[in-house]
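>
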Amino acid sequence: MGRLLTRTQIRRIVAENGREVLAHPNMQRERANYQHGNVSTFAHSIRVACLAVWLADRAHLWGRVDLKSLVRAALLHDYFLYDWHDWDGGAHRLHGFTHGNAALLNAMRDFRLNAIERDSISCHMFPMTPTAPSYVEGWLVTAADKLSATRETFSLDRFNKGRDDAEDGANGRNDDGRNGTGGERAR
């Protein structure tokens, strides 16, 4: 890929390579679970996928990245299928340390995953968890997740629960300059 990808091209790549994941009923359930502030887990996952593709593009990693594995791993990295903010007697208090493996188990139940996808999902919380990603795709997912989570957590809109525009980010809508590359404004 010679020229840098546009937001529209990135969204198209995520939609095409993540079609099976995005259409799955359990992934659709993630629209109802909040991740950071007013951002659903579904929208956060799309943002991470778009940002991971953006990072791969800007770092010129196309010869080293399995694009489909990158997108699928990014979409499934938080596939834990619960709202960790809901009180459950304390089981979610270690969510930051445990949700990578919960996401991996759910993803393995619902999809056929390759080694890159499995490793990227289970290791995306490094360095909070001790195991670093083994593949460049995992490092991209990890970096994209940290960047996206930081932006979502410190956004001034984080207290306005409701529809999050990034949910449409993978299907080509949302050309208002926001959320186009996984929630990051192109600069």
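The sequence shown runs contiguously to residue 424 in the numbering used here. Cβ coordinates follow ideal geometry from the N, Cα and C atoms, glycine included.
Roughly how many angstroms lie between the CA atoms of Thr243 and Val258, to the nearest whole one?
Distance between the alpha carbons of Thr243 and Val258 is about 23 Å.
> Have a look at Pro364, Thr366, Ala310, Ser371 and flag the residue whose alpha-carbon is nearest the alpha-carbon of Leu341.
The residue with the shortest Cα to Cα distance from Leu341 is Ala310.
> Checking the sheet assignment: what are the DSSP bridge partners for Ser277?
BP columns for Ser277 point to Tyr271.
> Hey, how far is the Cα of Ile250 from the Cα of Val302?
Approximately 14 Å, taken between the alpha carbons.
> Can the beta-carbon of Leu292 be found closer than 8 Å to that of Ala380?
Yes, Cβ-Cβ distance for Leu292 and Ala380 is below 8 Å.
> Within 10 angstroms of the Cβ of Pro370, are there 16 or more other Cβ atoms? Answer buried if so, exposed if not.
Pro370 comes out buried.
> Which whole runs of the alpha helix (DSSP H) in the segment 344-377 are 4 residues long or more, in chain order?
Here the runs fully enclosed are 352-359.
> Is Glu374 near Leu307, with beta carbons less than 8 Å apart?
Against a cut-off of 8 Å, the Cβ pair of Leu307 and Glu374 comes out as a contact.
> By a C-beta neighbour count over all protein chains shown, 10 Å radius and 16 as the cutoff for buried, is Arg240 buried or exposed?
With fewer than 16 other Cβ atoms within 10 Å, it is exposed.
> Going straight from the alpha carbon of Ser282 to that of Thr366, what length do you get?
So the alpha carbons of these two residues sit roughly 19 Å apart.
> Quick check: does the Cβ of Ser357 come within less than 7 Å of any heavy atom belonging to the ligand SAM?
Summarising the ligand content, the structure contains no ligands, and the ligand SAM is consequently not present.
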